[in-house]
Each structure stands twice: as C-alpha cells, then as structure tokens.
Amino acid sequence: MAIERFKTVAYRKDTMEIIRQAQEITADYRARGYVLTLRQLYYQFVARDLLENKQKNYKRLGSIIDDARQTGHLDWETIEDRTRNLKSPSTWTSPESILRAVADQYMENPWLKQEVWPEVWIEKDALVGVIEPVCDELRVPFFACRGYASQSEMYGAAKRFERLRKQGYRPMVLYLGDHDPSGMHMGVNAGERLELFSRGDVEVKRIALNRDQIDQYDPPPNPAKETDSRFEAYAAEHGDESWELDALDPDVISQLIRDEIGEITDQDKWDECIAAENENSTGLQGVHDHFDRVKLYLKHRSDFLDLTDFQPELLDQFEDLDALLDEIAERNG
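So for the sequence shown, the working numbering puts the first residue at 3; every next one is plus one.
Spelled out as structure tokens, the structure:
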C-alpha cells in the first residue's frame, strides 16, 4: 500500500462517489494481480454504467484520480503509467545473492522442443502490464507495436523468424489490437511486412479485438474516426462504431492468449522440459548452498596438482567438493 496525503480537498458528494467506485474497482483488480492504467479504469466505469463514454468524462476521471491520490483517498500503486518508467541496472549485494537469484529464476525454453514458435504482439504499450504475466507464465516473448511498428523493428523480427524457419520451427504471431479503421489494418500490415522481409511465410493470427468478442463481452463503443484514411472501408464492413482493446477485462485478454497457446503446445514435450529444468535448478541451488566450499575449491585449485602440500583434512574437503560438483555436472547433463 502507498497511501499518502499531500493536500486537502473538500469533495462534492458525486465526486466522492466516483472515488469510492475507483477504490472498489482498483482493489478488485489488485486482488487478481492487475494494476490498471487510467484508460482501463475509465472503461470499467463505462462498462458498469457509472460514466457515459465521452472524452470529457475521461478527462474528468483523470483529474479526480489525480486529486484522490494526493489527498490520500487512493493508493498510488493502483494506477500506473506504463509508458514512462525508470530503468535501473541490476546489482547484487554478494556473490551468494546472485547465485540465489539464478537458482530461483532459472528457466529453460520449452519452445525449443515445439514445432510452433509463438510471439504475442499487442498494439498498445499501455497494455503490456496485462499480457506480461500470462506471457511469462507460458514462456512466450511479447512485443508492444505502439501502433504501426517501425521498419527497423519489423526487419529485426522478420530476420528472427527467418532464422527460426531454417531451424525447423513455424513462427506465429498472436496479434491483439483495437477494432477501429487503423487497428484492423495493423495486424494485416505486420504480416505483409514480416513475409516480405523474411522471404517466407509468417502466420499472424489476430486473436483480439474481434467482432465475436464485441458481441460476447459488449465493450463500450466509440465513434470511428472519419478522418482515418481507412474509415470508408471499415465503415462498409463494421459500421461507424469502433472499440478499444483496453475495454476488455484483463482476465479475458489473458485467457484468450492462454487458449491460443494451449492449441499449439505439445504438452508431453513441455512437461519433459520442465522436469529437466527442475533438476538443473536443484543443481544450481546446490552451488549456492555450498558456496563457501566452492570458493575454497576455486581459491586453491591452481595448486591442487600437488596434493602433498595440503593437510589431510583439507584434501578430504576437496574430495567431498569434487563429488558434489560431479553430481551437479551430471544433473546439468
């Protein structure tokens, strides 16, 4: 919790009710492991008929949330800006601390044993916080296109997929974007550029936001932008309304990704990889647990050829450590 008061505001009754609703909505999503952006919070208000879907209401909500955080009515950590973050280098307090982290974080790539090599691409950087947990769980790379991805990014991705095809994999992009004139075109455009630059087939599968999901989940509509050069073609097929991916519940987005990945996963091969990972992680944990002896071994290893220089008890320690290291090496294959 990060609740601090920096100023005092005499809120009107209707404003206080909006703050109370924001407290309930953000607490619900925090309990499910999500931190919302302001736009996601706004769409939750719209979906619950607490606000009309109008730009002035979005701006008003932003102003209220800003005040509520400063007056101590709303936790600072319940709303995040995913586009502006400090990047810091990783540092460690000791060799033991990094060994502990390595053992805890050690993961192998189950996709090396699969036929399909998936990536999840999403139109908006602001929604990375929604897809990151499920992508991490499924060991799937993810990428925020930020609209139409740059040529440099597309070229780099295409060459990555070209290498994967040569290694025998079938690359696949699971694409999520807005249902609006440009949003519907971005995935198609990505596929065309990937195939051009990689000189081969790359499947780009749009998994959201699609018409059937709009019908099922009923996200609030927005007027489609008539100034968009693709408006006429879009309106002829979908009408003059558009829908933002942000309006879908994060659980729905996560499940869409989980379902698609499940369809292309050979579970037996996946389980084999995880079993090997667990064994190797145990070996790394052994290095951490016996690090004092490992340091001793490394310190004297250069002199180890002349065993007569060592006291018998020290030689016994080296022999025990050698046995331990042999065991770890065997586990690591």
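Beta carbons: idealized from backbone N, C-alpha and C, even for Gly.
- Relative to the Cα of aspartate 214, the nearest Cα in the group His181, Ser65 and Tyr299 belongs to His181.
- Annotated as proximal: leucine 286 and valine 104, with beta-carbon spacing under 7 Å.
- By the C-beta criterion, the stretch 243 to 252 is judged not to be in contact with the stretch 270 to 278, since fewer than 3 inter-stretch pairs fall below 8 Å.
- Assigned with DSSP and collapsed to three states, histidine 292 falls in coil, not helix or strand.
- Assignment of leucine 258 by DSSP, reduced to helix, strand and coil, places it in the helix class.
- Here the alpha carbons of isoleucine 124 and valine 175 stand approximately 10 Å from one another.
- Comparing C-alpha distances from glutamate 234 to each of Ser184, Glu139 and Arg195 shows the shortest one belongs to Ser184.
- Here isoleucine 266 has Val118 as same chain residues with Cβ atoms under 6 Å from its own Cβ, once five neighbours each way along the sequence are excluded.
- Taking 7 Å as the cut-off, the Cβ atoms of serine 200 and phenylalanine 163 count as close.
- Burial check for glycine 179: the Cβ neighbour count within 10 Å reaches 16 or more, so the residue is buried.
- Minimum Cα-Cα distance from arginine 62 among the listed residues Asp268, Gly74 and Met18 corresponds to Met18.
- In this structure glutamine 46 is buried. Its beta-carbon is surrounded by 16 or more other beta-carbon atoms within 10 angstroms.
- Taking the C-beta atoms as reference points, proline 222 is found nearer than 7 Å to alanine 249.
- DSSP links alanine 33 through a beta bridge to no other residue.
- Segment contact: the stretch 91 to 101 against the stretch 278 to 298, three or more CB-CB distances shorter than 8 Å; contact assigned.
- In the displayed model, tyrosine 44 falls within a helix according to three-state DSSP.
- DSSP lists Met174 as the beta-bridge partner residues of glutamate 205.
- The alpha-carbon separation between methionine 188 and lysine 207 amounts to approximately 12 Å.
- Residue pairing by DSSP leaves threonine 80 without any beta bridge partner.
- DSSP, reduced to helix, strand and coil, places valine 142 outside both helices and strands of the structure shown, so it counts as coil.
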